[in-house]
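*Asks:* If you're matching positions, the sequence shown starts at 1240 in my numbering and goes up one per residue.
A virtual CB, placed ideally from N, CA and C, is assigned to each residue, including glycine.
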Amino acid sequence: QLRLELLRIVCSHEHYVTLNLPYPTSLTTSGDTLTPGSSMAELSVAFRQQHFLVGLLLSELAMALEGDFNLQSQAIDTIRDLLACHDSDTRFDDPVCRRRVAALYLPLLGVVIDARTQLHG
């Protein structure tokens, strides 16, 4: 619970999105070509390295969904409040910016699908 509370505080920082959207890097690593979307729609190591804070938050959500109801509620509330904050933030009114912010949360779909039995069970 304390980790979620700490993440909630850190994620409420005004530059949270900026910290999660690093400058574009080369799409090649050690001779292998990566497609722009590879591993970015799942909570992979590559995603967590590229988007550290949101990766940490989604990892905590995944662990919390396996825990008790109060922990699940706290984690879900944290994500919901953060998404609502992004939605109402006028700095993200540009459609391109909105797409980039939304892409940060693509792994959330996998987390929810993996936890569907805990959520409806």
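Taking contact to mean 3 or more Cβ pairs, one atom from each stretch, closer than 8 Å, check whether the region 1241 to 1251 and the region 1314 to 1331 are in contact.
*Replies:* yes
*Asks:* Beta-carbon within less than 6 Å of Q1222's beta-carbon, same chain only, minus the 5 sequence neighbours each way: which residues are those?
*Replies:* Residue 1222 cannot be examined here, being either before or after the span of the chain that is shown, 1240 to 1360.
*Asks:* Using the rule of at least 16 other Cβ atoms within 10 Å of the residue's Cβ for burial, across every protein chain shown, is F1286 buried or exposed?
*Replies:* buried
*Asks:* Pick out the complete alpha helix (DSSP H) segments inside the region 1287 to 1336, 4 residues or longer, and give them in chain order.
*Replies:* 1291 to 1303 and 1308 to 1327
*Asks:* Can you look up P1346 in the DSSP assignment and give me helix, strand or coil?
*Replies:* helix
*Asks:* Just the C-alpha distance for Q1240 and A1303, rounded to the nearest angstrom, thanks.
*Replies:* 9 Å
*Asks:* Determine the closest residue to V1293 out of V1351, L1345 and R1355, with distance taken between C-alpha atoms.
*Replies:* L1345
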